[in-house]
Amino acid sequence: MKIFAQFARFIVGVLFIFSGLIKLNDPVGTQIKLEEYFEVFATDLPALHDLFVALIPYALYLSVFLCTAEVVLGVALLVRYKPKATSWLLLAIILFFTFLTFYSAYFNKVTDCGCFGDAIKLKPWTSFGKDVFLLVLIIFIIYRRRDFRSLPTGMVVAVATVLSLGIAFYAIRHLPILDLLPYRVGANIPQQMQPSEPIRYQYVFEKDGKTQKYEQYPSDTTLVFKEMVVLNEDAKPKITDYRAWNDEGDFTQESFQGKKLILIIKNLKDLNTAAFPAIRKLVDELKTQGVEPLIFTSVSSTQIEQLRREQQLNIPYYYADATVLKTISRSNPGLWLLQEGSVRGKWHYNDTPTAEEVLTLLQR
Numbered sequence: 001m002k003i004f005a006q007f008a009r010f011i012v013g014v015l016f017i018f019s020g021l022i023k024l025n026d027p028v029g030t031q032i033k034l035e036e037y038f039e040v041f042a043t044d045l046p047a048l049h050d051l052f053v054a055l056i057p058y059a060l061y062l063s064v065f066l067c068t069a070e071v072v073l074g075v076a077l078l079v080r081y082k083p084k085a086t087s088w089l090l091l092a093i094i095l096f097f098t099f100l101t102f103y104s105a106y107f108n109k110v111t112d113c114g115c116f117g118d119a120i121k122l123k124p125w126t127s128f129g130k131d132v133f134l135l136v137l138i139i140f141i142i143y144r145r146r147d148f149r150s151l152p153t154g155m156v157v158a159v160a161t162v163l164s165l166g167i168a169f170y171a172i173r174h175l176p177i178l179d180l181l182p183y184r185v186g187a188n189i190p191q192q193m194q195p196s197e198p199i200r201y202q203y204v205f206e207k208d209g210k211t212q213k214y215e216q217y218p219s220d221t222t223l224v225f226k227e228m229v230v231l232n233e234d235a236k237p238k239i240t241d242y243r244a245w246n247d248e249g250d251f252t253q254e255s256f257q258g259k260k261l262i263l264i265i266k267n268l269k270d271l272n273t274a275a276f277p278a279i280r281k282l283v284d285e286l287k288t289q290g291v292e293p294l295i296f297t298s299v300s301s302t303q304i305e306q307l308r309r310e311q312q313l314n315i316p317y318y319y320a321d322a323t324v325l326k327t328i329s330r331s332n333p334g335l336w337l338l339q340e341g342s343v344r345g346k347w348h349y350n351d352t353p354t355a356e357e358v359l360t361l362l363q364r
């Protein structure tokens with residue numbers, strides 16, 4: 001039992017550190033997930049509607065707290081820092097995560113919980129099963145906590161805390177250190193919108209109380225259709241919802257042609273307008289160098305027109321889905337450089353490049 005307790009301590013510690021670090025790499029992504037949960041709870045639990053709506057502005061702070069707590073508690077468990085307190089805090093946090101993943105799976109809400117950020121995508125019931133597994137191990141650790149003699153490793157835990165907060169602060173002020181999103185630098189967007197191979201399906205029918213499966217749609221009209229299952233999930237397009245349009249029509253394919261510097265304006269609520277002088281200077285310089293500047297936004301035409309006048313942005317704008325814009329850029333505003341549909345650059349407004357830097361990327 002003592003050996004299994006040490007094994008459980010190692011597994012829980014490593015998984016918590018891995019999960020926390022992946023999410024600290026992109027705390028804004030975890031913020032978006034928390035906001036989705038709060039919006040769902042506000043709708044599903046009318047009595048607590050105002051509470052969950054009030055929590056939405058604090059989602060980023062909660063994201064940093066939870067991700068940092070995962071890393072710090074994982075480290076504390078591995079170095080045996082105050083095992084009793086550490087194990088009980090681990091129990092509290094895994095109960096919280098287990099509730100979220102169960103809610104996602106059972107009610108089919110927020111179907112990507114973001115347990116491992118964008119590094120590993122888990123289906124809802126798989127995420128719930130993972131949390132139940134960790135919950136069982138943590139309960140066992142609490143039961144056997146006397147097997148773990150406390151060590152004076154507070155300095156290690158303190159360093160882990162500072163480093164975790166530093167990673168989160170950097171990712172918020174700039175962009176994720178490791179970009180795992182489908183719109184990352186180096187990705188070709190049109191290619192990712194196509195399946196890697198023809199999609200194969202399995203058709204599930206029922207007849208006389210028996211389930212029958214076919215890879216070709218049957219002609220037997222006495223069969224009762226149950227479901228259609230994708231056999232090669234990995235072949236599905238990585239990007240399915242990218243689209244750009246304006247009042248004149250669809251602009252998606254045109255956005256892949258030539259050299260495009262796209263200014264992402266997700267919303268006006270948390271838009272950093274102080275960044276626009278540098279962006280405007282960059283746009284004006286690139287216009288004369290064969291780079292076409294555009295705006296992608298999800299705000300209304302009235303709002304974007306007013307913003308263009310206020311910031312003297314004499315460039316065309318197109319609409320895009322709000323979720324897509326959040327995925328393309330964790331910054332608001334953000335800059336996204338495309339050349340023939342391939343991503344050449346991506347910048348936070350705090351890192352607005354010079355025209356020379358952009359042109360150098362386009363010449364590679």
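At position 173 of the sequence shown the residue is numbered 173 (the UniProt record's numbering), and the sequence of numbers has no breaks.
Every residue gets a Cβ at the ideal spot worked out from N, C-alpha and C, and that includes glycine.
For this session: Identify, in the order they occur along the chain, each residue of the same chain with its Cβ nearer than 6 Å to the Cβ of residue 8, setting aside the five sequence neighbours on each side.
Result: In the sequence shown, the residue the question calls residue 8 occupies position 8. Once the five neighbours on either side are set aside, the close Cβ partners of residue 8 are 137, 140, 141.
Exercise. According to DSSP, is residue 334 helix, strand or coil?
Worked result: Stepping through the sequence shown from its first residue, residue 334 is reached at position 334. Residue 334 falls in the strand class under three-state DSSP.
Exercise. With C-beta atoms as the reference, is residue 127 less than 8 Å away from residue 83?
Worked result: Along the sequence shown, read from residue 1 onward, the residue named residue 127 stands at position 127. Along the sequence shown, read from residue 1 onward, the residue named residue 83 stands at position 83. In this structure, residue 83 does not lie closer than 8 Å to residue 127 by Cβ.
Problem set entry | Same chain only: Cβ atoms within 7 Å of residue 260, ignoring 5 sequence neighbours per side | Here residue 260 is taken as the residue at index 260 of the sequence shown, counted from 1. Once the five neighbours on either side are set aside, the close Cβ partners of residue 260 are 292, 294, 338.
For this session: List the whole-angstrom C-beta distance separating residue 90 from residue 162, where the pair is believed to meet the contact cut-off of C-beta under 8 Å.
Result: As a position in the sequence shown, residue 90 is number 90, starting the count at 1. As a position in the sequence shown, residue 162 is number 162, starting the count at 1. Actually they are not in contact, since the Cβ atoms of residue 90 and residue 162 sit about 21 Å apart, beyond 8 Å.
For this session: Would you mind working out which of 96, 57, 321 sits nearest residue 299, comparing C-alpha positions?
Result: For the purposes of this step, residue 299 is taken as residue 299 along the sequence shown, with counting starting at 1. Here the closest residue by C-alpha is 321.
Problem set entry | Of the listed residues 305, 20, 45, nearest to residue 63 (C-alpha basis) | Taking the first residue of the sequence shown as position 1, residue 63 is located at position 63. Considering only alpha carbons, the answer is 20.
Problem set entry | Integer-rounded CB distance, given that residue 359 should sit under 8 Å from residue 257 | Locating residue 257 in the sequence shown gives position 257, where the first residue counts as 1. Locating residue 359 in the sequence shown gives position 359, where the first residue counts as 1. About 18 Å; that fails the 8 Å criterion.
Problem set entry | Three-way DSSP call (helix, strand, coil) for residue 242 in this model | Along the sequence shown, one-based indexing puts residue 242 at 242. Looking at residue 242 - three-state DSSP - the assignment turns out to be coil, as it is neither helix nor strand.
Exercise. Residue 19 lies in the alpha helix (DSSP H); which residues open and close that run?
Worked result: If you number the sequence shown from 1, residue 19 lands on position 19. Taken as a continuous stretch (DSSP letters only), the alpha helix (DSSP H) holding residue 19 covers 2-24.
Exercise. Given 8 Å as the limit, is there contact between the region 13-33 and the region 159-178, that is, 3 or more CB pairs closer than that?
Worked result: The region 13-33 is in contact with the region 159-178.
Problem set entry | Start and end residues, beta strand (DSSP E) containing residue 203 | Position 203 of the sequence shown holds residue 203. Where residue 203 is concerned, the enclosing beta strand (DSSP E) stretches over 201-207.
For this session: In the DSSP assignment, find the unbroken alpha helix (DSSP H) run with residue 27 in it and report its ends.
Result: In the sequence shown, the residue the question calls residue 27 occupies position 27. Taken as a continuous stretch (DSSP letters only), the alpha helix (DSSP H) holding residue 27 covers 27-44.
Problem set entry | Three-state secondary structure (DSSP) of residue 250 | What you label residue 250 is simply residue 250 of the sequence shown in a count that begins at 1. If DSSP states are grouped into helix, strand and coil, residue 250 belongs with the strands.
For this session: Would you mind working out which of 14, 30, 146, 187 sits nearest residue 330, comparing C-alpha positions?
Result: Your numbering for residue 330 matches position 330 in the sequence shown. Considering only alpha carbons, the answer is 30.
Exercise. So, helix, strand or coil for residue 210, using DSSP?
Worked result: Numbered from 1 along the sequence shown, position 210 holds the residue referred to as residue 210. Three-state result, residue 210: strand.
Exercise. Touch check for the region 188-195 and the region 226-245: three-plus C-beta pairs under 8 Å?
Worked result: Contact between the region 188-195 and the region 226-245 is present: three or more C-beta pairs spanning the two stretches fall below 8 Å.
Problem set entry | CA nearest to the CA of residue 57, picked from 68, 340, 34 | As a working note, residue 57 is residue 57 in the sequence shown. Nearest of 68, 340, 34 to residue 57, Cα basis: 34.
Problem set entry | Residue span of the alpha helix (DSSP H) that contains residue 155, given as start and end | Position 155 of the sequence shown, counted from the start, is the residue given in the question as residue 155. Segment 154-173, the alpha helix (DSSP H) holding residue 155.
For this session: Please name the residue in 233, 241, 203 whose C-alpha comes closest to that of residue 223.
Result: The residue you call residue 223 lines up with position 223 of the sequence shown. If we check each option's Cα against that of residue 223, 203 comes out closest.
Exercise. Quick one: is residue 276 buried, meaning 16 or more other Cβ sit within 10 Å of its Cβ, or exposed?
Worked result: The residue labelled residue 276 in the question sits at position 276 within the sequence shown. Buried, since its Cβ has 16 or more Cβ neighbours within 10 Å.
Problem set entry | Backbone secondary structure at residue 124 - three-state DSSP | Here residue 124 refers to the residue found at position 124 when the sequence shown is read from its first residue. If DSSP states are grouped into helix, strand and coil, residue 124 belongs with the helices.
Exercise. If you follow the beta strand (DSSP E) that residue 344 is part of, which residue opens it and which one closes it?
Worked result: In the sequence shown, counting from the first residue as 1, residue 344 sits at position 344. Note, residue 344: beta strand (DSSP E), 342-348.
For this session: Check whether the Cβ atoms of residue 328 and residue 106 lie closer than 8 Å to each other.
Result: In the sequence shown, residue 328 corresponds to position 328, counting from 1. In the sequence shown, residue 106 corresponds to position 106, counting from 1. No, they are not a contact pair.
Exercise. Between which two residues does the beta strand (DSSP E) containing residue 263 stretch?
Worked result: Counting from 1 along the sequence shown, the entry for residue 263 is found at position 263. Note, residue 263: beta strand (DSSP E), 259-265.
For this session: Take the Cβ of residue 152 as the centre, count every other Cβ of all protein chains shown within 10 Å, and call the residue buried at 16 or more, exposed below.
Result: The residue given as residue 152 occupies position 152 in the sequence shown. By the 10 Å Cβ count, residue 152 comes out exposed.
For this session: Drop a sphere of 10 angstroms on the beta-carbon of residue 336, count the other beta-carbons inside from all chains shown, and report buried for 16 or more, exposed for fewer.
Result: Here residue 336 is taken as the residue at index 336 of the sequence shown, counted from 1. Label assigned to residue 336: buried.
For this session: May I ask you to report which of helix, strand or coil DSSP gives residue 83?
Result: Against the sequence shown, residue 83 aligns to sequence position 83. It is helical.
Problem set entry | Helix, strand or coil at residue 190 [DSSP, three-state] | Residue numbering aside, residue 190 sits at position 190 when the sequence shown is read from its first letter. Helix, per DSSP.
Problem set entry | Validate contact between the region 43-53 and the region 65-75 using beta carbons, cut 8 Å, 3 pairs | no
Problem set entry | Supposed contact pair residue 16 and residue 55 - C-beta distance, whole angstroms, cut 8 Å | On the sequence shown, residue 55 is found 55 positions in, with the first residue counted as 1. On the sequence shown, residue 16 is found 16 positions in, with the first residue counted as 1. Their Cβ separation, rounded to whole angstroms, is 24 Å, which puts residue 55 and residue 16 out of contact at 8 Å.
Exercise. In three-state terms, what does DSSP make of residue 312?
Worked result: Taking the first residue of the sequence shown as 1, we reach residue 312 at position 312. Correct three-state label for residue 312: coil.
Exercise. What number of angstroms, rounded off, separates the C-alpha of residue 129 from the C-alpha of residue 147?
Worked result: Numbered from its first residue, the sequence shown carries residue 129 at position 129. Numbered from its first residue, the sequence shown carries residue 147 at position 147. Taking the straight line joining both Cα atoms gives about 27 Å.
Exercise. Is residue 294 helix, strand or coil when you go by DSSP?
Worked result: Within the sequence shown, numbered from 1, the residue matching residue 294 stands at position 294. In the structure shown, residue 294 sits in a strand (DSSP, three-state: E or B).
For this session: Measuring alpha carbon to alpha carbon, tell me which of 215, 80, 243, 52 ends up nearest residue 232.
Result: Here residue 232 corresponds to residue number 232 of the sequence shown, with the count starting at 1. The shortest C-alpha separation from residue 232 is found at 215.
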